[in-house]
Structures are given as structure tokens and as C-alpha cells.
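Working notes for the structure below.
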Amino acid sequence: MADMGPASDRAEKITGSARVYAQLRDEILRLELAPGSPIDENSLSERFDLSRSPVREALVRLSSEGFVNILPNRSTIVAPIDFRDVPKYLDSLDLLQRATTRLAAQFRTNTDLRTIEKLQSEFEKGFNKSLKTRDPIYNIDANFHFHMAIAEAGKNTYFQMFYKRLLDEGRRMLHFHFEFQALSEHMSFEEVAVHHVQMIEAIRAKDLEYADLVAHEHAMQFKGRFLEYYDQSVTAKMKFTPTA
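For any residue, its number in our numbering is found by taking its place in the sequence shown, counting from 1, and adding 20.
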């Protein structure tokens, strides 16, 4: 007979919690769970056929990564996107991206460089898959792993931690950004990835000033495109089939 004791319960709990975390994170990033929408623990328990304990663990983990807010009354909502804070977010992203890329150019090892180059190849695959499926998640995840590899090559765990938090919080904005970008009939991978390529060149050459410059330009590119999305009516670029 299988052991149904505490160890078995813990294994089920961990597995269940990880499953809830992964599914909710995916739905939040895809905006299937809208910013500010409530999350009901009882409904999740029924949906995943779990007790409330692993569901709660998953929500605590999502909260630590900025995806949900656990309120004082113990209710939970998807973390809102406050567009009034976007300028502050973009300034922070610029400074930390410059710092992490500069440090990577200074301290990277050959192994770090190979990892970054490999993840750039994965970024291209993710970009093309997102274009094909019209689902930004593949591009967003590949972009995250590329930039985190650069941060890890900088050998500063504090910068890594803060930068990861910024990238996590920015993933939903990247969803808007990609959908707006994807409306362009002329968008190419080469255009999107030019700064990634230049970052790799700077890190390979251990050129700190060039790394700083390219990282700044990359942040400003994202800032410009996101603000363009925010300022324009996306519907103006959509084509509708005549009904008559």
C-alpha cells in the first residue's frame, strides 16, 4: 500500500502549489486574468482539486513576484497596472539595465558569454513563435531569460534581485508592447533584436562604456514604443472586413 503519511502529503502539496502558480502566472501574463480582478481561493481549490493550503502558497509566491496583491482582509487581486507609475518604472529599468549590462561586460566569463549567446538564439525562436501564434508569451519569456543571463554575468546578486523584480513587473507591459508592435507589417526580428546583438558585442569585447550606451538605448527604445502604444489608438491601424 502506498504511503499516505506526512511526506506524501508534502509532495502533493508542493506539486499542487507549483501547478497553481504556473497556471495563474501564465494567465496573468497573457492578461486572461485582468489587472485588478479578484482571485477566489475557494474557486481555485475546486478548479485544481486541491486544498486551500497549496493554493495559498501559490498566491504568496505570486505576491512575492509582484503578480498579485494580498489585501489586509486576506482577499487577493491581480496586481493592477497603474499607468501613472510607468515613467518611474521606465526610469528604474533604464538605470538597472545599464548597471547590469555594464557589470556583465566587466565580469563575464566565457561560460556566461556562451549562455547569453544561446539565450539570444532562444529569443529569436520565441519571437518567431509569438509572431506565428500571435501569443506574446514566448517572446516575453525568452526576453526575460536573455536579460537575466546578462544580470547574472555581472556577479552582483543585489542588482540581479532588483532587476528581476523590474522585469517581472514589466512583463504585462511587454504584452501590450508586443501586440502593438505586431500590428506593423514591416516588423522584423533584426529590427527588434539589434540592441541584443550590440549588447552581446559589448559584453564579448568587455567594453563597459559601449555596454552602458547600448543598454540605455534599448531601454529608451522600449520607452518610446510603449508610450507610442499608450498615446495612439490601436484600432486606427486595424483592418476590418466590410460587412456589405
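All residues carry an ideal CB built from backbone N, CA and C; glycine is no exception.
| query | result |
| --- | --- |
| For my contact list, ARG128 and ILE220 are in at a C-beta cut-off of 8 Å; report their separation, rounded to the angstrom. | Incorrect: roughly 10 Å between the Cβ atoms, too far for contact. |
| Excluding five sequence neighbours on each side, which residues of the same chain lie with their C-beta closer than 8 Å to the C-beta of ALA38? | ALA78 |
| Using the C-alpha atoms, what's the distance from HIS238 back to ASP132? | 21 Å |
| For GLY190, count neighbouring C-beta atoms within 10 Å of its own C-beta (all shown protein chains included) and say buried if the count is 16 or more, exposed if not. | buried |
| Assign ASN16 to one of three DSSP states: helix, strand, or coil. | The requested residue 16 is not part of the displayed model; the chain covers only 21 to 264. |
| Kindly indicate which residue of ASP227, SER73, VAL234 has the alpha-carbon position closest to the one of VAL214. | VAL234 |
| Throw me the rounded Cβ distance for the ALA12 and TYR183 pair, which I believe falls under 8 Å. | Given a span of 21 to 264 for the chain in the structure shown, any question on residue 12 remains unanswerable. |
| Mapping the DSSP letters down to three states, classify ASN176 as helix, strand or coil. | coil |
| Please classify PRO74: is it buried, with 16 or more other beta-carbons within 10 angstroms of its beta-carbon, or exposed? | buried |
| Using the three-state DSSP reduction, which class does ILE101 fall into: helix, strand or coil? | coil |
| Where does THR121 sit, in a helix, a strand or coil, going by DSSP? | helix |
| So, for GLN126: in the same chain, excluding its five sequence neighbours on each side, which residues have a beta-carbon less than 8 Å away from its beta-carbon? | GLY174, LYS226, LEU228 |
| Mind checking which residues open and close the alpha helix (DSSP H) that includes ASN89? | No alpha helix (DSSP H) contains ASN89, which is instead part of the beta strand (DSSP E) from 88 to 90. |
| On the premise that VAL98 lies in contact with GLY56, defined as a C-beta separation below 8 Å, what is that separation, rounded to the nearest angstrom? | 6 Å |
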